[in-house]
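Report on one structure; see the data block that follows.
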Amino acid sequence: MADMETMVQARSNVVEQVEIVGGEKLQGVISVSGAKNAVLKLMAASLLSNSQCLIRNVPRIRDVDTMLGVLRSIGVEIDWADEHSLLIRVDNYLNDTASDDLVRQMRASAQVMGPLLTRIGRVKLFQPGGCVIGQRPLDLHLKGFQAMGASILEEHGYIILEARRKLRGAEILLDFPSVGATENIMAAAILAEGVTVIRNAAKEPEIIEEQNFYNRLGAKIRGAGTDTIRIEGVTSLNDRMIDYTVIPDRIEAGTFMIAAAITGGEVEIANVIPEHIEALISKLKEVGIDVDVREDSVLVKSKGRFRGADVMVLPYPGFPTDLQPQITALLAIADSTSVITENVFGSRFRYVDELIRMGASIRVESRSAIVKGNAKLSGAPVYAPDLRAGASLVIAGLAAEGKTIIEGVQFLERGYERLELKLANLGADIKKTITVSSI
Ligand code: UD1
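The opening position of the sequence shown corresponds to residue 481 in the working numbering, with each subsequent residue numbered one higher.
As structure tokens, this is what we get:
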């Protein structure tokens with residue numbers, strides 16, 4: 481039987497697509513899932529636990545499944561306790577390496593380095609992969625580990641870290657406020673000897689989540705959310721079980737806000753922390769879209785007509801790089817020209833050709849996209865080259881005349897929980913199709 485199945489699989493080609501017929505105004509209330517970029521890091525952070533961690537509000541997305549596999553391959557016991565909660569148990573013995581196959585699929589795998597290095601003193605990790613959105617080096621992470629006394633060897637595609645003696649606290653000034661480097665250095669410093677100070681640290685809300693999580697485990701960290709983080713090394717962490725609820729996903733929230741805006745809809749986006757999306761709220765207001773900010777929700781009211789505006793993508797609290805492709809789709813139909821400048825990732829405009837295929841008028845010059853506006857979008861077959869680019873194409877499809885067929889659905893599913901279902905509940909004409917053909 482198994483052989484038969486393998487034979488059928490070997491001769492068939494599975495194509496997953498998202499089909500959208502544009503033109504429906506989105507309406508209603510939508511609830512945002514837990515934050516992908518927080519939960520993946522908290523899962524890695526649990527490598528420092530001596531007991532059990534229950535993490536709640538975990539989105540059911542592919543990246544979470546990948547991190548689950550990465551942690552299992554290191555030797556962590558991890559299972560779903562319910563639909564959106566993970567129960568994690570860390571035994572004394574942990575491997576110093578993780579599955580190469582899984583690590584190469586996801587950039588966030590690199591976040592196991594800091595916890596493992598400080599806990600077991602050695603890590604051998606395949607160079608992590610992930611969405612192709614520009615150069616994503618790890619030099620700042622590695623320089624931080626080195627300053628704390630770790631030795632680093634990069635060979636045959638692996639990064640090998642070793643701390644022959646206990647890591648030592650250090651003063652580390654980051655050349656760029658990298659989220660990943662801040663998190664990894666923070667983790668490595670927890671069990672180091674003495675105090676570590678990270679300057680020019682990233683200030684993203686996800687960093688505050690990690691500080692809170694680690695402090696619940698018994699770490700002594702303060703300053704997250706500012707550009708200086710101080711970690712006082714401790715000799716051991718406590719063995720209390722922790723129960724932690726992840727913050728809502730600010731990027732998912734932003735994606736729905738932009739989707740509501742482009743369709744001329746009226747949508748309440750519930751379960752959000754409005755201060756996490758301030759940069760987007762003020763940009764939408766600037767172009768003339770009505771955003772009513774409430775305690776834990778935002779109401780977006782759009783007439784479907786708005787002005788262009790310039791967008792400068794910057795580290796938090798600036799406009800997030802993870803919403804850059806989505807706002808570009810919106811500004812493609814604005815009444816005037818916009819210039820979008822990407823200051824975080826070098827090659828994050830690969831999706832622009834697909835928007836052009838749908839009728840947008842956009843010219844990319846170095847780190848900027850000049851979006852002419854006034855486009856009359858029309859549905860077309862397009863390919864999502866990465867996660868947020870996929871969201872941008874969905875947004876364009878919602879406003880386009882006729883049918884848009886998006887391939888590369890696997891990217892969308894890395895980071896959005898049931899996106900098509902949530903949008904359909906707001907009235908979008910959208911569905912996922914799976915075609916199995918013989919080859
Ligand atoms: C980035 C985003 C983060 C988002 C995440 C997932 C920023 C600042 N970071 O985090 O908000 O949640 O993607 O999509 O917006 N860099 C180096 N050397 C390093 C590390 C980074 O040069 O060792 C550079 C990168 O090439 C990039 C910039 O720093 O240009 C930001 O990278 P970083 O914040 O580390 O990326 P992520 O942690 O993936």
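Note that the Cβ used here is the ideal one computed from N, Cα and C, for glycine as well.
Placement of the Cβ of N517 at a distance of less than 6 Å from at least one heavy atom of the ligand UD1 is found. In the same chain as R837, and ignoring 5 residues on each side of it, the C-beta atoms closer than 7 Å to its own belong to A860, V862, in chain order. Looking at the DSSP output, S848 sits in a beta bridge with T821, E845.
In this structure, the CA atom of L760 is about 37 Å from the CA atom of I639. Relative to the ligand UD1, the nearest heavy atom lies less than 6 Å away from the CB of L618.
A residue is called buried when at least 16 other Cβ atoms come within 10 angstroms of its Cβ; E834 meets this threshold and is buried. G649 is a Cβ neighbour of V675, given a cutoff of 7 Å. About 20 Å separates the Cβ atoms of V726 and I670, ruling out a contact at the 8 Å cut-off.
Under the DSSP definition of a beta bridge, M792 partners with T821. Listed as beta-bridge partners of R648 by DSSP are E673. Taking non-hydrogen atoms of the ligand UD1 into account, the C-beta of D802 is found less than 6 Å away from one of them.
If the five residues before and after M593 are omitted, its C-beta is found closer than 7 Å to the C-beta atoms of V603, L605, H621, L641, N664, all from its own chain and listed in chain order. Short note on E887: C-beta not closer than 6 Å to any heavy atom of the ligand UD1. According to DSSP, T743 shares a beta bridge with no other residue. One alpha carbon belongs to S872, the other to G629, and they sit about 43 Å apart. Looking at the DSSP output, R569 sits in a beta bridge with Q532, E557. In terms of CA proximity to V780, K505 leads the group V819, K505, I500, L899. Counting along the chain, no alpha helix (DSSP H) covers D770; the unbroken beta strand (DSSP E) around it starts and ends at 770 to 773. Distance from the C-beta of S816 to the nearest heavy atom of the ligand UD1 is not below 6 Å. When the alpha-carbon of A908 is set against those of M523, Q497, G502, the nearest one is in G502. Residue pairing by DSSP places E496 opposite I914 in a beta bridge.
In the three-state scheme derived from DSSP, where H, G and I count as helix and E and B as strand, A750 is classed as strand.
For V509, the uninterrupted beta strand (DSSP E) run begins and ends at 507 to 511, by DSSP.
The region 742 to 750 makes no contact with the region 563 to 572, as fewer than three CB pairs between them are under 8 Å. The region 811 to 826 makes no contact with the region 704 to 724, as fewer than three CB pairs between them are under 8 Å.
Take I850, set aside five residues on each side of it, and the residues of its chain with a beta-carbon closer than 6 Å to its own are V819, R843, in chain order. The shortest CA-to-CA distance from A672 to any of L597, D866, L551 is the one to L597.
For a cut-off of 8 Å, the C-beta gap from N530 to L717 is around 6 Å, short enough to register as a contact.
When DSSP states are grouped into helix, strand and coil, I722 belongs to the strand group.
By the CB criterion at 7 Å, P805 and Y831 fall inside the cutoff. For P795, the shortest C-beta to heavy atom distance toward the ligand UD1 is below 6 Å. Y694 counts as buried, since no fewer than 16 other beta carbons sit within 10 angstroms of its beta carbon. Using a cutoff of 6 Å, the CB of G660 counts as near the ligand UD1, since one of the ligand's heavy atoms is closer than that. Assignment of K763 by DSSP, reduced to helix, strand and coil, places it in the helix class.
Contact between G784 and T743 holds: CB atoms are separated by about 7 Å, below the 8 Å threshold.
Secondary structure at F799: strand, using DSSP grouped into helix, strand and coil.
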